[in-house]
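Inspection log for the structure reproduced underneath, given as structure tokens.
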Amino acid sequence: PNGSMRIRGEKQLRINRGNEAIRLSGIVRPGDLTSDNRVPSTRIADARIDYGGRGEIARSSRMGWLQRFFNILSPF
8 PNGSMRIRGE KQLRINRGNE AIRLSGIVRP GDLTSDNRVP STRIADARID
58 YGGRGEIARS SRMGWLQRFF NILSPF
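If you count by my numbering, then the sequence shown holds residues 8 to 83, one letter each, in order.
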């Protein structure tokens with residue numbers, strides 16, 4: 008009713024034999040849109056940014072089994 012728009016976008020990247028994805032969603036006022044249909048990231052309300060992927064980069068950022076074991080024993 009107030010003219011605000013919900014936006015959502017995704018960009019997929021192929022890096023080092025892996026697939027990475029960045030997802031963005033939020034709410035934008037019509038007055039914040041530029042003439043070429045762009046909006047600055049600072050003008051997105053309730054912005055949510057998700058990053059995930061599969062491949063070497065995603066695999067290397069996961070904790071190993073031994074580190075997970077010690078985190079269970081001592082979470083600090």
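Glycine included, every Cβ here is placed at the ideal spot set by N, Cα and C.
Rounded Cβ spacing between residue i and residue j (contact assumed at less than 8 Å)
i: P37; j: G71; result: 49 Å between Cβ atoms; not a contact.
i: R50; j: D39; result: 4 Å
Nearest candidate by alpha-carbon position, reference residue i, set the options
i: N23; options: R61, L40 and M12; result: R61
i: V46; options: L73, R21, R15 and P8; result: R15
i: D53; options: D43, I34, L40 and D39; result: I34
Start-to-end residues for the beta strand (DSSP E) that takes in residue i
i: I34; result: G25 to V35
i: I14; result: M12 to I22
i: G59; result: A52 to R61
Residue interval of the alpha helix (DSSP H) (run including residue i)
i: A79; result: The question names Ala, but residue 79 is Ile in the sequence shown. Where I79 is concerned, the enclosing alpha helix (DSSP H) stretches over W72 to L80.
- Message: So, does the segment 54-63 touch the segment 25-36, judging by three or more C-beta pairs under 8 Å?
- Response: yes
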